[in-house]
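Number of protein chains: 2
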Amino acid sequence: MKREVKNCIFAEIEMNSLAYALLAMVARKDCSGYELVQLLELFWQAKHSQVYPLLAKLEQKQYVAHRLVKQNGRPDKKIYRLTEQGREILSAWIHEEPAVPVVRDEFLTKIYAIWLTSTKRARELLHERIQYFTDMLTDRLLKIREMEERWSDDLYDPHSPQFGRYMILQRKTRLEQEEINWCHWVLERLKKD
Amino acid sequence: MKREVKNCIFAEIEMNSLAYALLAMVARKDCSGYELVQLLELFWQAKHSQVYPLLAKLEQKQYVAHRLVKQNGRPDKKIYRLTEQGREILSAWIHEEPAVPVVRDEFLTKIYAIWLTSTKRARELLHERIQYFTDMLTDRLLKIREMEERWSDDLYDPHSPQFGRYMILQRKTRLEQEEINWCHWVLERLKKD
DNA sequence: TTTTCATATATAAATATTGACATATTAAAC
DNA sequence: GTTTAATATGTCAATATTTATATATGAAAA
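Structure, rendered in structure tokens:
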């Protein structure tokens with residue numbers, strides 16, 4: 001009962017979380033690898049060095065296909081689209097239980113041990129954090145506005161390809177706002193010092 | 194200008210983010226490896242298979258030291274404490290700029306592509322997510338209450354070893370509450386369907 | 001005019017992380 | 001009575017991820 005029987009003996013791909021994330025992205029909209037890295041940032045950070053080879057494997061498996069797009073001033077790009085087979089395994093995967101989310105945040109380690117140093121450094125860290133999340137939030141709100149202008153009512157239609165991304169953008173802005181609120185709350189606590 | 198000169202030629206440890214996280218944890222309170230895995234969950238998930246060998250390396254570097262504690266009904270444990278050298282490099286590290294946070298969340302990939310399947314599955318995913326974060330939140334609030342009963346005023350003193358953990362617990366409850374709020378907001382949007 | 005930045009793709013080596021295997025004790029559930 | 005769960009530590013192989021290197025284009029900045 002140990003051996004999983006795979007459907008092909010050569011070039012077997014481990015369909016991992018990132019692989020499905022890439023399929024989910026190209027399902028909404030045809031994308032280049034370069035663009036995928038940026039879109040992914042919303043909930044699954046990955047470097048291009050991980051994305052490009054994985055896209056090649058997904059194409060080999062025929063879950064995606066690409067066309068070459070020549071550009072005027074820039075290097076050509078490969079625009080990937082989801083194939084019917086890709087759509088099928090992605091749909092099936094959605095019905096499996098999602099893995100627990102993973103978060104790794106160095107800033108919090110530093111706050112954890114901040115008592116060892118100074119409240120000055122604490123304030124510094126918090127102000128930088130506020131700046132970081134404020135920038136993120138600004139960008140996020142811009143993207144929300146862009147989507148609203150382009151798709152309006154579709155964004156609230158669960159059958160629209162845009163629905164998921166819009167909901168997730170909304171979620172991210174809420175969380176980022178809450179991160180900022182918390183920073184201010186901590187800064188208040190540091191004032192007394 | 195390529196080669197970084199290291200201070201020792203043998204048994205060199207790559208002091209990575211997890212290593213500092215472990216130091217930060219034992220700085221607050223002496224801990225076993227088993228306990229560290231659990232405490233770490235708050236902002237840096239790691240398996241014991243990563244933690245135990247790393248603790249051994251940190252001890253070899255003399256950043257931590259352990260004592261054996263015999264237990265009545267359970268296996269003996271190694272309780273680690275931070276050494277003076279450990280405290281020094283941890284303090285120094287706090288003054289470096291933190292790496293950007295990393296989040297990887299399969300649930301969001303599924304929501305991203307939910308338009309491919311059914312709103313029934315969407316509701317299912319959201320209800321499970323609410324359950325997950327409600328459980329997390331309950332546990333988190335319990336831990337907050339435990340800390341408040343045990344340390345009361347210390348928790349608002351930035352020089353207390355407990356300060357950081359308390360602030361970070363507060364942050365996590367805020368974010369988890371916001372995750373739940375967002376789920377309900379999305380569920381409202383799915384009702385019309 | 002030289003550097004830097006954003007766009008674009010790609011690979012190899014190093015490092016980080018997970019999953020599987022291993023062992024041991026006790027209490028509680030079945 | 002046997003299994004399951006929680007406590008506790010550890011190793012090794014497999015997988016995932018990052019860092020470094022490479023190349024190419026054009027615009028903008030220094």
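Chains as they are written, first to last, in the working numbering: chain A, 1 to 193; chain B, 194 to 386.
Positions of the beta carbon are idealized from the N, C-alpha and C atoms, including for glycine.
Leu-126 of chain A sits close to Leu-190 of chain A, with the two beta carbons spaced by under 9 Å. Note that the C-beta distance between Glu-371 of chain B and Arg-174 of chain A is below 9 Å.
Note on the segment 295 to 332 of chain B: whole beta strand (DSSP E) runs with a minimum of 3 residues are 295 to 297, in chain order.
Under DSSP, the beta-bridge partners assigned to Cys-31 of chain A are A:Tyr-80.
Contacts with chain A at 9 Å (Cβ-Cβ) include Thr-312 of chain B. With a contact defined as Cβ atoms closer than 8 Å, Leu-169 of chain A and Leu-36 of chain A miss out at about 16 Å. Here the segment 47 to 56 of chain A does not lie against the segment 104 to 119 of chain A, with fewer than 3 beta-carbon pairs under 8 Å apart. The residue among B:Glu-381, B:Ile-373, B:Lys-365 and B:Trp-375 with its C-alpha nearest the C-alpha of Trp-182 of chain A is B:Lys-365.
By alpha-carbon distance to His-95 of chain A, the top candidate from B:Arg-358, B:Gln-238 and B:Thr-302 is B:Thr-302. Bounds of the beta strand (DSSP E) holding His-259 of chain B are 257 to 262.
For Ala-258 of chain B, no chain A residue has a Cβ inside 9 Å of its Cβ, as the nearest lies near 17 Å away.
Leu-261 of chain B sits exposed, since fewer than 16 C-beta atoms from the chains shown fall within 10 Å of its C-beta. Bounds of the alpha helix (DSSP H) holding Arg-174 of chain A are 163 to 191. As DSSP reads the structure, Trp-237 of chain B sits in a beta bridge with A:Arg-104.
Ranked by how close their Cα comes to the Cα of Gly-226 of chain B, the residues B:Ile-272, B:Ser-210, B:Ala-217 and B:Trp-237 have B:Ile-272 in first place.
Under the three-state reduction of DSSP output, Arg-74 of chain A falls in the coil class, being neither helix nor strand. With a threshold of 9 Å between beta carbons, Tyr-349 of chain B makes contact with chain A.
For Tyr-132 of chain A, a Cβ of chain B is located within less than 9 Å of the residue's own Cβ. Listed along chain B, the residues sitting closer than 7 Å to Val-186 of chain A by beta-carbon distance are Met-360.
A straight line joining the alpha-carbon of Asp-139 of chain A with that of Ile-130 of chain A spans about 14 Å. Contact fails between the segment 274 to 288 of chain B and the segment 59 to 66 of chain A, because fewer than three Cβ pairs, one in each stretch, are under 8 Å apart. Our two residues, Lys-222 of chain B and Glu-281 of chain B, have alpha carbons roughly 16 Å apart in a direct line. Taken in chain order, the members of the segment 90 to 108 of chain A whose beta-carbon sits within less than 7 Å of a beta-carbon on chain B are Leu-90, Ser-91, Ile-94, His-95, Pro-98, Ala-99, Pro-101, Val-102, Val-103, Arg-104, Asp-105, Glu-106, Phe-107 and Leu-108. Secondary structure at Pro-291 of chain B: coil, using DSSP grouped into helix, strand and coil. Nothing from the segment 53 to 86 of chain A brings a Cβ to less than 9 Å from some Cβ of chain B. Ser-17 of chain A carries a helical assignment under DSSP once its states are collapsed to helix, strand and coil. In the three-state reduction of the DSSP assignment, Pro-158 of chain A falls in the coil class, being assigned neither a helical nor a strand state.
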